[in-house]
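In the order they appear, the protein sequences are chains B and E.
My numbering applies: residue 1 is where the first sequence begins, and numbers increase by one.
My numbering applies: residue 1001 is where the second sequence begins, and numbers increase by one.
Ideal Cβ positions, reconstructed from N, Cα and C, are used throughout, including at glycine.
Structure, as structure tokens:
There are 2 protein chains.
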Amino acid sequence: MTYADFMNAPKRRDRAATRTALLDAARSRFAEHGFDGTSVRDIAADAGVDATLIFRYFGSKKDLFAEAIRAEVPEDIGTDPDAGPAVLADALVREVVLDDGTGPGEHPLLVMLRSAGRPEVRKRLREEVCDRYLADLATRFEGEDADLRSEMVGALLIGMGVMRSVVVSPVLSEADPDRVRALASAMVEALE
Amino acid sequence: MTYADFMNAPKRRDRAATRTALLDAARSRFAEHGFDGTSVRDIAADAGVDATLIFRYFGSKKDLFAEAIRAEVPEDIGTDPDAGPAVLADALVREVVLDDGTGPGEHPLLVMLRSAGRPEVRKRLREEVCDRYLADLATRFEGEDADLRSEMVGALLIGMGVMRSVVVSPVLSEADPDRVRALASAMVEALE
DNA sequence: CGAGTAAGTCATCGATCGATGACAAACGCT
DNA sequence: AGCGTTTGTCATCGATCGATGACTTACTCG
């Protein structure tokens, strides 16, 4: 088989693989250009298939987006429930801000942020941030306004993510992860 | 003149007023729904005029957006050049995060954030954040990685703005401004 | 092999978008 | 009052969007 034959050969038909390819392409596009800035034709082109498959496999563009931003449940962040807020915050820094390369590109929270024009996305974002990430953190602060202080930590985390992935700040984006973690920890500990 | 006559009476023609009305409507729409989520017809409807005036007065939708996000130059934040980073950071918290009600709605930085899908908007955002706001801050930190620490402050500020205006976090959005400023200051001072 | 099903493509629809140019109406000036 | 200019409106264009249904091609299983 010549090279030209290989290039023109019809690719293997595989429902699961195509679905995953569409999902990956969608995540990447949505992360970079947001929901409105991404067309189903863009996604399909990246995935190398026809755009109509999006509707057959996912129903609609919105449904595809909903599945693209579904977090892959880190489930347990592996933190001692009795540890202080700084320990949990550090774990969140690693998960949300500093991509370890294992995950599929951008963190769902940051993908949602790029599409925050949609009210339903803002709602999901609020639920995710407050109920999922910050609720546990608030229990580890002592004192009266533990919830406010935990939201300040949330602000720091989101801000770091934004600085790295939206504003592509020259320093923070390239800084040594351990140094960044140390600075973040110091700021969190100032709230205890 | 009856009430019906008053309602149906043609409104007075005023180029400057119409231009301002369009600009205000644009700022509001762009702030809430982002660039892509806003149509010129939406803006014109809010302003109560025809959409074609946008092109006559501003040239294009992009030009209108560029003018809508143009900061009204706080120029001098009124901070002692010799003061520490926490003092300047506190001034920035008041300007960017806590709306004092005087400005025209949302801060341009947060408006840009809602339209960060556009590469040119990200570029403007980076320039604005790094060169305009953080450059001065970096000079007030001592030690080696002053630029990194100033970007951590920037992350905190942006995160607070996002928590308040995008994620509408229940606590931070309604919290006492002075308490929020105190917490932010404590976090900044932890970096000194 | 051959029929049935699943996977992928093509043509196209209706809505909406940014943008243009022709037209109507109100204003200012003499 | 009358005329030219400015201000606002209407009709419409071409492109692009999400979405649908008919069609073609490849795979599977008997």
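Best match in the options for proximity to residue i [C-alpha to C-alpha]
{"i": "Val-1153(E)", "options": "Gly-59(B), Glu-144(B), Met-163(B)", "result": "Met-163(B)"}
{"i": "Asp-136(B)", "options": "Glu-95(B), Val-171(B), Pro-81(B), Arg-114(B)", "result": "Pro-81(B)"}
{"i": "Arg-1027(E)", "options": "Ile-1043(E), Arg-1015(E), Arg-1012(E), Asp-1014(E)", "result": "Ile-1043(E)"}
{"i": "Leu-110(B)", "options": "Ala-190(B), Ala-16(B), Gly-34(B)", "result": "Gly-34(B)"}
{"i": "Glu-1032(E)", "options": "Val-1167(E), Val-1087(E), Glu-1095(E)", "result": "Val-1167(E)"}
{"i": "Leu-1157(E)", "options": "Pro-1170(E), Arg-1118(E), Arg-1094(E)", "result": "Arg-1094(E)"}
{"i": "Thr-1038(E)", "options": "Leu-1092(E), Leu-1064(E), Val-1049(E), Tyr-1057(E)", "result": "Leu-1064(E)"}
{"i": "Lys-123(B)", "options": "Thr-79(B), Pro-85(B), Ala-66(B)", "result": "Ala-66(B)"}
{"i": "Pro-170(B)", "options": "Met-1160(E), Ala-1155(E), Phe-1055(E), Val-1087(E)", "result": "Ala-1155(E)"}
{"i": "Asp-228(B)", "options": "Val-180(B), Gly-159(B), Cys-130(B), Met-160(B)", "result": "Not covered by the structure: residue 228(B). The range shown for chain B is 1 to 192."}
{"i": "Gly-161(B)", "options": "Leu-23(B), Glu-106(B), Arg-12(B)", "result": "Glu-106(B)"}
{"i": "Ala-1091(E)", "options": "Ala-1068(E), Arg-1013(E), Ala-1190(E), Pro-1177(E)", "result": "Pro-1177(E)"}
{"i": "Asp-1145(E)", "options": "Ala-175(B), Phe-58(B), Val-49(B), Pro-108(B)", "result": "Ala-175(B)"}
{"i": "Phe-58(B)", "options": "Thr-79(B), Gly-84(B), Ala-21(B), Ala-86(B)", "result": "Ala-21(B)"}
{"i": "Arg-999(E)", "options": "Ser-1115(E), Gly-1048(E), Arg-1029(E)", "result": "Residue 999(E) is absent from the structure shown; chain E starts at 1001 and stops at 1192."}
{"i": "Val-1180(E)", "options": "Thr-1052(E), Leu-1098(E), Gly-1084(E)", "result": "Leu-1098(E)"}
{"i": "Ala-1068(E)", "options": "Ala-1182(E), Leu-1088(E), Thr-1052(E), Met-1112(E)", "result": "Met-1112(E)"}
{"i": "Ser-185(B)", "options": "Ala-1182(E), Leu-1191(E), Lys-1061(E)", "result": "Leu-1191(E)"}
{"i": "Arg-1126(E)", "options": "Arg-41(B), Ser-173(B), Glu-142(B), Ser-115(B)", "result": "Ser-173(B)"}
{"i": "Phe-141(B)", "options": "Phe-30(B), Pro-85(B), Arg-41(B), Ile-54(B)", "result": "Pro-85(B)"}
{"i": "Arg-56(B)", "options": "Thr-18(B), Ala-45(B), Asp-36(B)", "result": "Thr-18(B)"}
{"i": "Ala-207(B)", "options": "Glu-128(B), Ser-165(B), Leu-23(B), Lys-62(B)", "result": "Outside the displayed range of chain B (1 to 192) lies residue 207(B), so it cannot be described from this structure."}
{"i": "Tyr-133(B)", "options": "Asp-50(B), Val-40(B), Ala-71(B)", "result": "Ala-71(B)"}
{"i": "Pro-1108(E)", "options": "Thr-1079(E), Val-1096(E), Arg-1118(E)", "result": "Val-1096(E)"}
{"i": "Arg-1015(E)", "options": "Arg-1029(E), Asp-1050(E), Arg-1041(E)", "result": "Asp-1050(E)"}
{"i": "Pro-1119(E)", "options": "Glu-120(B), Val-121(B), Pro-119(B), Arg-114(B)", "result": "Arg-114(B)"}
{"i": "Val-1121(E)", "options": "Lys-1062(E), Val-1040(E), Glu-1151(E)", "result": "Lys-1062(E)"}
{"i": "Thr-139(B)", "options": "Glu-189(B), Met-187(B), Ala-83(B), Ser-165(B)", "result": "Ala-83(B)"}
Alpha helix (DSSP H) segment containing residue i, residue limits
{"i": "Ala-190(B)", "result": "Counting along the chain, Ala-190(B) falls outside any alpha helix (DSSP H), and DSSP gives it neither H nor E."}
{"i": "Lys-1123(E)", "result": "1119 to 1126"}
{"i": "Asp-1014(E)", "result": "Element bounds for Asp-1014(E): n/a, residue is neither H nor E."}
{"i": "Ala-155(B)", "result": "146 to 165"}
{"i": "Val-1171(E)", "result": "Val-1171(E) -> no alpha helix (DSSP H), and no H or E assigned at all."}
{"i": "Asp-1136(E)", "result": "1135 to 1139"}
{"i": "Leu-1109(E)", "result": "1108 to 1113"}
Local conformation of residue i per DSSP, three classes
{"i": "Ser-60(B)", "result": "coil"}
{"i": "Ile-69(B)", "result": "coil"}
{"i": "Pro-81(B)", "result": "coil"}
{"i": "Ala-1194(E)", "result": "Since the first residue of chain E shown is 1001 and the last is 1192, residue 1194(E) is not available in this structure."}
{"i": "His-33(B)", "result": "helix"}
{"i": "Arg-1019(E)", "result": "helix"}
{"i": "Ser-1028(E)", "result": "helix"}
{"i": "Val-1087(E)", "result": "helix"}
{"i": "Thr-52(B)", "result": "helix"}
{"i": "Leu-183(B)", "result": "helix"}
{"i": "Glu-142(B)", "result": "coil"}
{"i": "Leu-92(B)", "result": "helix"}
{"i": "Met-1(B)", "result": "Because the pLDDT of Met-1(B) is 48, which lies under 50, any placement of that residue in the model is unreliable, and the number read from its coordinates should be weighed accordingly. In the structure shown, Met-1(B) sits in coil (DSSP, three-state: anything other than H, G, I, E or B)."}
{"i": "Asp-178(B)", "result": "helix"}
If the cut-off is 7 Å on Cβ atoms, which residues from the region 1034 to 1047 of chain E count as contacting chain B, listed in chain order? Interface annotation for the region 1034 to 1047 of chain E against chain B: Gly-1034, Asp-1036, Gly-1037, criterion Cβ-Cβ distance under 7 Å.
Any residues in the region 162 to 187 of chain B with a beta carbon nearer than 8 Å to a beta carbon of chain E? Which ones, in chain order? Here the close residues are Val-162, Met-163, Val-166, Val-167, Val-168, Ser-169, Pro-170, Val-171, Leu-172, Ala-175, Arg-179, Val-180, Leu-183, Ala-184, Ala-186, Met-187.
If the cut-off is 8 Å on Cβ atoms, which residues from the region 1116 to 1127 of chain E count as contacting chain B, listed in chain order? Listed in sequence order: Ala-1116, Gly-1117, Arg-1118, Arg-1122, Leu-1125, Arg-1126.
At a CB distance below 8 Å, what residues from the region 136 to 156 of chain B approach chain E? Give them in sequence order. Those residues of the region 136 to 156 of chain B that come within reach of chain E (Cβ to Cβ, closer than 8 Å) are Asp-145, Asp-147, Leu-148, Arg-149, Glu-151, Met-152, Gly-154, Ala-155, Leu-156.
Note down, in chain order, all residues in the region 13 to 31 of chain B with a beta-carbon under 8 Å from any beta-carbon belonging to chain E. Residues passing the 8 Å Cβ filter: none.
Against chain B, which members of the region 1077 to 1088 of chain E pass a CB distance test of less than 7 Å? Of all residues in the region 1077 to 1088 of chain E, none has a Cβ within less than 7 Å of some Cβ in chain B.
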